[in-house]
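In my numbering, the protein residues as written are 142 to 1298.
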């Protein structure tokens, strides 16, 4: 979502990062994805120099290399189906295949020929000797023949002689693991960390401001004038204030979690390439956060200490500052460790919340030390909060103003009595014990974090995924060669018939059709056939995918300009203009049935132009006029008849291919199309893009699970095609694909155009085949100006003639790719050499006049046509949209086990923790301390599971939101049905969660078994979990990404904590803050739980400093301010919060757009 350099530039940074070091051996995987062919050529040329001059070894895997790039290599390894078919000098490879009987045709890149000649579907067209009958040569057969080929024999001879080590150079071996000294590494890491902190200042400033706000709230809640030092109850409020400031500083570290996880992928890359050891990453992280932490501690202390009115001695102020600082360090350490161990956001949120829950429950303030069951005794000593709490309480309570008064029993000192009430050790040296323990914990956690980074690997399984049909094809090839089969197939009953037969028959007819399509009369597979009768008789109908009618539309645009605000970085360098112009005077037209290519070097503004024409830009200023069939373009109606295939294929990860298409079809096809027709159309489209073999495959996350890049590309195209659009924009449909996959995708595109639609593609490095599949070309140069607009001509002769006519432009070489040539002769360097501007030249050419005339002709509507008009903005009614959205969300949730199971596991763990820690507490109600403890139990139980729900839902919503932006821009639905569907899907899951949670907790804590009480408990818990989940969704919808959402949500956890009525009972909250108590959802939860359990109990309890003993009912009402007859309103308010959060989410997702385009 962040603006940054383009994809191609990122690729080059990756390559650069590797070349910079003193490496002698480089392994490079697909370095050209997203680059145009001339840039790829430059990079490989540079690598060639490195190899030849520094004696380096470089192995590169490339997708669709252009012929001239291919010619730069010395040796070629050709892999097919996991076997090496050829390895050796480039010069002999064509000769090898000719010896097998296959010839590379003219105007065909060698690389493309090599990729297709081993494949069963494309092999036949290269059979050289037509007099002999063609016979399929399998990969194994090729490999066997290669061993007898002279290159193969030479290779075998070389390998049979063992390598003589004595010849190696002395310095060939390296004995050091890292290339620079530890001191240098540390210095570099420090500089990098410092730079990142400066760049990421927003987060730290945001955290500090957040802390300041909470400090203001805290200090006004516990205001000096309202605080007394008379008796134990006043002491308890002071301890509450101390506790709260401790917890706020603990939660302040929660942001470390997402910040650390964000940086892990880069760290793992650096670690595995031996850039630096793990400790040089963790040490600067730890040390450079210290100054920030010191600033935060001082800010917090200055704002709270004296306004709350803690002990006035200076020494105690500094001691407390030290403690706050140590707590922050300890918290940051614990969260960093969690991030390092869990390594993914969803698991880390859960892990983080579990650690917090344990540390909290056993910290000795919710449950006093004496009340902790003996099986959890070790937890008390293991919890860092214990030491912090003891130290901070001792520091305050040993002040003279507490020690000079006597408690209510007139014997002990007041300070000691307060400490004893809280089961804190009343000894002065506990301050230093606690401080030392906290420091120890902080160091320990950071050391463990370092170990976690050293020994744990990045999550995710690096493995390829093969579709079933590819596996079957491999097996079919194997069967001919009598080798052991590669794949173990578990046969189910229904397909017990021999597999190979059915597979062969099933694929045969389709293969024949495809083969006819690829080798139609003319040798170059894809280019357009002049004679369409031949095409019709070729067994493949000329117009495919035409179940639904559509109106062909032309699009014309005249002098389009596009500006964005000048970036601040450029202004700092002395640029004076306010606006940066990205497109200049772009004029042209796209017509039905014509396939137009949009080309230019990377950064020429191809994607920008597409976004402007398709109406996908969210910022910037657009000038000029865009017309559809002569009528001015209106975005609302235009979205209904256009499709836009984005470069990054964004799809919901948990849906199958077929479901994605059905979903798109049902939301975007007009109402008057029946459901059967929609389904037939979906199947047609699947056939058109050749996805029918994968229809039940789960889409998955890009690069992690699910479909391969090329399948994902075809899915992107299919999702748009299903909407039956008249105009389709495609942003780089072939980037990241190998030649075969690109050919399949281009075949898809060509099929689409032949149905009479208008299609525009931006494209980076087309092979000759792909380039010549286009009919027209719009060529742009850097700075967003057009330098050619017009037809390509047969074998691209038109464009070649245009450029060769310019004096000083070199002629094109034989067999050279016209696409690459044209980018090279029109590059910035070439302009400088010729001393001319190609854009100006184009403006003065006859081509430009012709285009102007064409645009003029297309900008007046043809007679008796009407402007596009739709009665409703969306094709489906709101109810229809809601049904489709709900259907998809339901499947998404059902198939996201990591999300639901993690959440359920956490709830189970939390329930058992709460149950074992507060074992049978519900039966003990003798003293006021017992009652406080029970409130603590209820409050913490609900709060922690709630917070976990809130933080685990955030990544899910954030992933779905990117898909939502694409679908909403495509005019599939309005935001409300989508949001409501997302909200409703949660309910059954939360219901299950609540059910087992309440049963476990209710039984183990042994509350009173009365039907009414249990039902209230269930009701309150259910709605509390629900509003927390919706609150998480809401925070994502108001923030740009889930890292900020997590920080934003954490701020409110602290407030929920403070006003829940646990730290400071409602009657004690100052009147200027009581209003917040009434709008704090957690307070209502605790209210409901306490009143439903204890609102009617008439037993008496002991309260220190009160006689006679009051009843529970009276004490609940008097001390906590809970009115026993208030259950109805509480229930209403809880439901209200749930609905409020859900609707805020819906509203924000509708009106806030964080996509930067």
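Beta carbons: idealized from backbone N, C-alpha and C, even for Gly.
Between the CA atoms of residue j and residue i - distance to the nearest angstrom
i: residue 1252; j: residue 1182; result: 51 Å
i: residue 599; j: residue 409; result: 7 Å
i: residue 987; j: residue 783; result: 31 Å
i: residue 938; j: residue 1003; result: 32 Å
i: residue 346; j: residue 543; result: 38 Å
i: residue 358; j: residue 364; result: 10 Å
i: residue 1277; j: residue 1221; result: 12 Å
i: residue 586; j: residue 1206; result: 35 Å
i: residue 1233; j: residue 389; result: 30 Å
i: residue 1064; j: residue 381; result: 26 Å
i: residue 205; j: residue 173; result: 9 Å
i: residue 536; j: residue 1231; result: 33 Å
i: residue 376; j: residue 714; result: 59 Å
i: residue 369; j: residue 574; result: 29 Å
i: residue 471; j: residue 525; result: 8 Å
i: residue 505; j: residue 564; result: 8 Å
i: residue 1346; j: residue 1042; result: Because residue 1346 is not part of the residues shown, which for the chain are 142 to 1298, the question remains open.
i: residue 1098; j: residue 1296; result: 15 Å
DSSP bridge partner residues for residue i (one or two, in chain order)
i: residue 243; result: 268
i: residue 228; result: 218
i: residue 773; result: 768
i: residue 283; result: Answer is none; residue 283 lacks a bridge partner.
i: residue 786; result: 871
i: residue 169; result: 201
i: residue 1302; result: Outside the displayed range of the chain (142 to 1298) lies residue 1302, so it cannot be described from this structure.
i: residue 332; result: BP columns for residue 332 are empty, so no partner.
i: residue 547; result: 554
i: residue 1243; result: 1068
For residue i, the first and last residue of its enclosing beta strand (DSSP E)
i: residue 730; result: 720-731
i: residue 96; result: Any property of residue 96 remains undetermined from this structure, which presents the chain solely from 142 to 1298.
i: residue 746; result: Premise fails: residue 746 is in no beta strand (DSSP E) and is neither H nor E.
i: residue 932; result: 926-932
i: residue 200; result: 198-202
i: residue 922; result: 917-922
Burial state of residue i, where buried means 16 or more other Cβ atoms lie within 10 Å
i: residue 854; result: buried
i: residue 155; result: exposed
i: residue 209; result: buried
i: residue 146; result: exposed
i: residue 1156; result: exposed
i: residue 643; result: Per-residue confidence for residue 643 stands at a pLDDT of 33, beneath the threshold of 50, marking its modelled position as unreliable; the derived number appears in the next sentence. Label assigned to residue 643: exposed.
i: residue 288; result: exposed
i: residue 519; result: exposed
i: residue 121; result: Nothing about residue 121 can be read from this structure; the chain reaches only from 142 to 1298.
i: residue 1302; result: One cannot answer for residue 1302 here, as it falls past the ends of the chain, which runs 142 to 1298.
i: residue 254; result: buried
i: residue 1201; result: buried
Enclosing alpha helix (DSSP H) for residue i [first to last residue]
i: residue 357; result: 342-362
i: residue 530; result: 525-538
i: residue 1091; result: 1069-1110
i: residue 370; result: First-last for residue 370: undefined, no H or E at that position.
i: residue 857; result: 850-862
i: residue 1232; result: 1222-1235
Answer yes if the region 1136-1143 comes into contact with the region 1174-1181, meaning at least three C-beta pairs across the two stretches below 8 Å, and no otherwise.
no
Touching by the beta-carbon criterion (3+ pairs, under 8 Å), the region 1127-1141 and the region 1067-1080
no
Quick one: any contact between the region 940-947 and the region 890-907, if contact means 3 or more CB pairs under 8 Å?
no
Give a yes or no on contact between the region 1233-1253 and the region 389-407, applying the rule of three or more CB pairs nearer than 8 Å.
no
Do the region 916-928 and the region 181-191 make contact, defined as three or more Cβ pairs closer than 8 Å?
no
Cβ pair count under 8 Å reaching 3, the region 458-469 against the region 1010-1023
no
Any contact between the region 902-911 and the region 949-965? By contact I mean 3 or more CB pairs, one from each, below 8 Å.
yes
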